[in-house]
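Novice: One structure is given below, represented as structure tokens, and several questions about it will come after.
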Amino acid sequence: MNIQLDSIRADITRAVREALAEDIGDGDITAMLIPGDQINTAEIITREDCTLCGQAWLEETFAQLGGLDSIEWHAQDGDQVTAGSKLVTLRGNARRLLTGERTALNFIQLLSGTATKAHQFAQLLPNSNIKILDTRKTIPGLRTAQKYAITCGGCHNHRIGLYDMFLIKENHIAACGGITAAVEKAREIAPDKRVEVEVETREELLEAIAARADVVMLDNFDADSLQYAMNLDKHNTQYELSGNLDLENLKTIASLNIDFCSFGALTKHVSAVDLSLRVHS
Numbered sequence: 018m019n020i021q022l023d024s025i026r027a028d029i030t031r032a033v034r035e036a037l038a039e040d041i042g043d044g045d046i047t048a049m050l051i052p053g054d055q056i057n058t059a060e061i062i063t064r065e066d067c068t069l070c071g072q073a074w075l076e077e078t079f080a081q082l083g084g085l086d087s088i089e090w091h092a093q094d095g096d097q098v099t100a101g102s103k104l105v106t107l108r109g110n111a112r113r114l115l116t117g118e119r120t121a122l123n124f125i126q127l128l129s130g131t132a133t134k135a136h137q138f139a140q141l142l143p144n145s146n147i148k149i150l151d152t153r154k155t156i157p158g159l160r161t162a163q164k165y166a167i168t169c170g171g172c173h174n175h176r177i178g179l180y181d182m183f184l185i186k187e188n189h190i191a192a193c194g195g196i197t198a199a200v201e202k203a204r205e206i207a208p209d210k211r212v213e214v215e216v217e218t219r220e221e222l223l224e225a226i227a228a229r230a231d232v233v234m235l236d237n238f239d240a241d242s243l244q245y246a247m248n249l250d251k252h253n254t255q256y257e258l259s260g261n262l263d264l265e266n267l268k269t270i271a272s273l274n275i276d277f278c279s280f281g282a283l284t285k286h287v288s289a290v291d292l293s294l295r296v297h298s
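Structure follows, in structure tokens:
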């Protein structure tokens, strides 16, 4: 299930509080050069094409600093914006504007970079039923932020953490004594949770289907093994493809009978968007 913004408000508050604390320390001494009652207007522009994401993090940044007179957005989360576009106009206390500048930009540039990467992937399968999923390979402390950004880019969330579904991988299988035993134990522990099993061989695939896993992750399957999987009667089990996937070969799998593709690159191979904040009188 995709993350909804309202469900992560506490995470946003925490992340912003920690980011401001590490930046400000015991005080922004440079901002003290400016009269305490001075009011200025500032604009944030993007220097490159991107998918915007991070509005709530910017707004929370300035709220925690005491608030601004106005925040006027010229684009919304998920919008495609071109280089040179004005994203937001801010007006308020000049000290607050400059103290919050870097924290606000850091959040928007990272989250817009994540959303932009997701948009690039989503555009390659515009008419497919295959859902492109993220993974848990996220920046520590910013899990829900990046997963929200993924949805802004048009892709989907896999499990959020270790608590919302089972993902039985090689080490779990070994420790449990096999796929069937692991799936049965999962059903016993939390019968309402989805159970996914990662498989690396045809034999493991057959066992996972027989065990009635909800999802089978085909990890690094070669072309022959992938075709073998496509020809099986998988009953109600869904397929997820993972491993050795990137923008270059994503199009080639569009015709396969699979339900999901997961990409760690969506959150771990991200370049921040180049943004700039300009202050005016």
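Reading the sequence shown from the start, the letters are residues 18 to 298 in this note's numbering.
Even for Gly, the Cβ is constructed at its ideal location relative to N, Cα and C.
Note that the structure is a prediction, hence the values are computed from the model and not measured.
Within its chain, find whatever has a CB closer than 6 Å to the CB of valine 232; leave out the 5 residues flanking it on each side and keep chain order.
Specialist: Locating residue 232 in the sequence shown gives position 215, counting from the first residue. Hits under 6 Å: Glu213, Gln255 and Glu257.
Novice: Could you give the distance in angstroms between the alpha-carbon of threonine 133 and the alpha-carbon of glutamine 81?
Specialist: Within the sequence shown, numbered from 1, the residue matching residue 133 stands at position 116. Within the sequence shown, numbered from 1, the residue matching residue 81 stands at position 64. C-alpha separation (whole angstroms): 27 Å.
Novice: Mark lysine 164 as exposed unless 16 or more other C-beta atoms lie within 10 angstroms of its C-beta, in which case mark it buried.
Specialist: Counting from 1 along the sequence shown, the entry for residue 164 is found at position 147. Buried.
Novice: Tell me which same chain residues have a C-beta within less than 6 Å of the C-beta of glutamine 126, skipping the five on either side of it?
Specialist: Sequence index remark: in the sequence shown, residue 126 carries index 109 (1-based). Cβ neighbours of glutamine 126 beyond the five flanking positions: Ala289, Val290 and Leu292.
Novice: Compute the beta-carbon to beta-carbon distance between asparagine 57 and serine 298, rounded to the nearest angstrom, for a pair I have assumed lies under 8 Å.
Specialist: As a first step, residue 57 must be located in the sequence shown, where it is residue number 40. As a first step, residue 298 must be located in the sequence shown, where it is residue number 281. Rounded, the Cβ-Cβ distance is 6 Å, consistent with contact.
Novice: I'd like the span of the beta strand (DSSP E) that includes isoleucine 88, first residue to last.
Specialist: The sequence position of residue 88 within the sequence shown is 71, counting from 1. First-last of the beta strand (DSSP E) with isoleucine 88: 87-90.
Novice: In the structure shown, what three-state DSSP assignment does glycine 287 receive?
Specialist: As a working mapping, residue 287 is identified with position 270 in the sequence shown. A small correction: the amino acid at residue 287 is valine; glycine does not occupy that position in the sequence shown. Three-state result, valine 287: coil.
Novice: With a 10 Å radius around its C-beta and 16 neighbouring C-beta atoms as the bar for buried, classify glutamine 72 as buried or exposed.
Specialist: Here residue 72 is taken as the residue at index 55 of the sequence shown, counted from 1. It counts as buried.
Novice: Can the beta-carbon of aspartate 28 be found closer than 8 Å to that of alanine 166?
Specialist: The sequence position of residue 28 within the sequence shown is 11, counting from 1. The sequence position of residue 166 within the sequence shown is 149, counting from 1. For aspartate 28 and alanine 166, no; Cβs fall outside 8 Å.
Novice: Residues in the same chain with beta-carbon distance under 8 Å from aspartate 96, minus the five sequence neighbours each way, listed in chain order, please.
Specialist: In the sequence shown, the residue the question calls residue 96 occupies position 79. These residues qualify, in order along the chain: Thr68 and Leu69.
Novice: Taking the Cβ atom as the reference point for each residue, do leucine 294 and glutamate 118 lie within a distance shorter than 8 Å?
Specialist: Locating residue 294 in the sequence shown gives position 277, where the first residue counts as 1. Locating residue 118 in the sequence shown gives position 101, where the first residue counts as 1. Cβ atoms of leucine 294 and glutamate 118: closer than 8 Å.
Novice: Please state if the CB of serine 279 and the CB of phenylalanine 175 are separated by a distance shorter than 8 Å.
Specialist: Within the sequence shown, residue 175 is the residue found at index 158, counting from 1. Within the sequence shown, residue 279 is the residue found at index 262, counting from 1. Residue 175 is actually histidine in this sequence, not phenylalanine. Yes; because the gap between Cβ atoms is below 8 Å, this pair is in contact.
Novice: Which one or two residues does DSSP pair with asparagine 110 in a beta bridge?
Specialist: For the purposes of this step, residue 110 is taken as the residue at position 93 of the sequence shown. DSSP, once it has assigned bridges, lists Ile56 as partnering asparagine 110.
Novice: Is it right to say glutamate 205 is buried, meaning 16 or more other beta carbons lie within 10 angstroms of its own, or is it exposed?
Specialist: Reading the sequence shown from its first residue, position 188 is the one you call residue 205. Answer is exposed; the Cβ neighbour count stays below 16.
Novice: CB-CB under 7 Å to tyrosine 245, same chain, minus the five flanking residues each way: which ones, in chain order?
Specialist: Taking the first residue of the sequence shown as 1, we reach residue 245 at position 228. Around tyrosine 245: Arg219.
Novice: Would you call alanine 32 buried or exposed, if buried means 16 or more other Cβ atoms sit within 10 Å of its Cβ?
Specialist: Numbered from its first residue, the sequence shown carries residue 32 at position 15. Buried.
Novice: Below 8 Å, how does it come out for the stretch 84-93 and the stretch 109-116: are there three or more Cβ pairs, yes or no?
Specialist: Touching, yes, given that three or more Cβ pairs across the two stretches are closer than 8 Å.
Novice: Tell me which residue opens and which closes the beta strand (DSSP E) that leucine 150 is part of.
Specialist: For this step, residue 150 is matched to residue 133 along the sequence shown. Per DSSP, leucine 150 belongs to the beta strand (DSSP E) from 148-150.
Novice: What does DSSP give as the partner residues of cysteine 67 in its beta bridges?
Specialist: For the purposes of this step, residue 67 is taken as residue 50 along the sequence shown, with counting starting at 1. Note: cysteine 67 sits in a beta bridge opposite Val98.
Novice: Residue range of the alpha helix (DSSP H) that arginine 31 falls in?
Specialist: Counting from one through the sequence shown, the residue named residue 31 turns up at place 14. Unbroken alpha helix (DSSP H) run through arginine 31: 26-41.
Novice: Using DSSP with H/G/I as helix, E/B as strand and the rest coil, what is glutamate 215?
Specialist: For the purposes of this step, residue 215 is taken as residue 198 along the sequence shown, with counting starting at 1. Strand, per DSSP.
Novice: Just the Cα atoms here: how many angstroms apart are lysine 285 and methionine 247?
Specialist: Within the sequence shown, residue 285 is the residue found at index 268, counting from 1. Within the sequence shown, residue 247 is the residue found at index 230, counting from 1. Between lysine 285 and methionine 247, the C-alpha separation is close to 30 Å.
Novice: Nearest to valine 296 by alpha carbon, out of Leu235, Thr116 and Leu22?
Specialist: Within the sequence shown, numbered from 1, the residue matching residue 296 stands at position 279. The shortest C-alpha separation from valine 296 is found at Thr116.
Novice: Return the CA-CA distance between phenylalanine 79 and leucine 184, expressed in angstroms with no decimal places.
Specialist: In the sequence shown, counting from the first residue as 1, residue 79 sits at position 62. In the sequence shown, counting from the first residue as 1, residue 184 sits at position 167. Each residue's Cα considered, the two are about 39 Å apart.
Novice: Specify, as a first and last residue, the run of the beta strand (DSSP E) that arginine 160 falls within.
Specialist: As a first step, residue 160 is located in the sequence shown; it is residue number 143 there, counting from the start. Looking at the DSSP string, arginine 160 is not in any beta strand (DSSP E); the run it does join, the alpha helix (DSSP H), is 160-169.
Novice: Using the Cα positions of arginine 160 and isoleucine 20, report the straight-line distance between them to the nearest angstrom.
Specialist: Residue 160 sits at position 143 when you count from the first residue of the sequence shown. Residue 20 sits at position 3 when you count from the first residue of the sequence shown. Each residue's alpha carbon lies about 11 Å from the other.
Novice: Judging by CA-CA distance, which residue of Ser242, Gly130, Glu201 and Leu122 is the nearest neighbour of isoleucine 190?
Specialist: If you number the sequence shown from 1, residue 190 lands on position 173. The shortest Cα separation from isoleucine 190 among Ser242, Gly130, Glu201 and Leu122 belongs to Glu201.
Novice: Which one or two residues does DSSP pair with isoleucine 61 in a beta bridge?
Specialist: By one-based count along the sequence shown, residue 61 stands at place 44. Answer is Val105 and Leu294, bridged to isoleucine 61.
Novice: Around the C-beta of methionine 49, are 16 or more other C-beta atoms found within 10 angstroms, so that it is buried, or is it exposed?
Specialist: Against the sequence shown, residue 49 aligns to sequence position 32. Label assigned to methionine 49: exposed.
Novice: Does DSSP classify methionine 234 as helix, strand or coil?
Specialist: By 1-based counting over the sequence shown, the position of residue 234 is 217. Of the three classes helix, strand and coil, the one that applies to methionine 234 here is strand, per DSSP.
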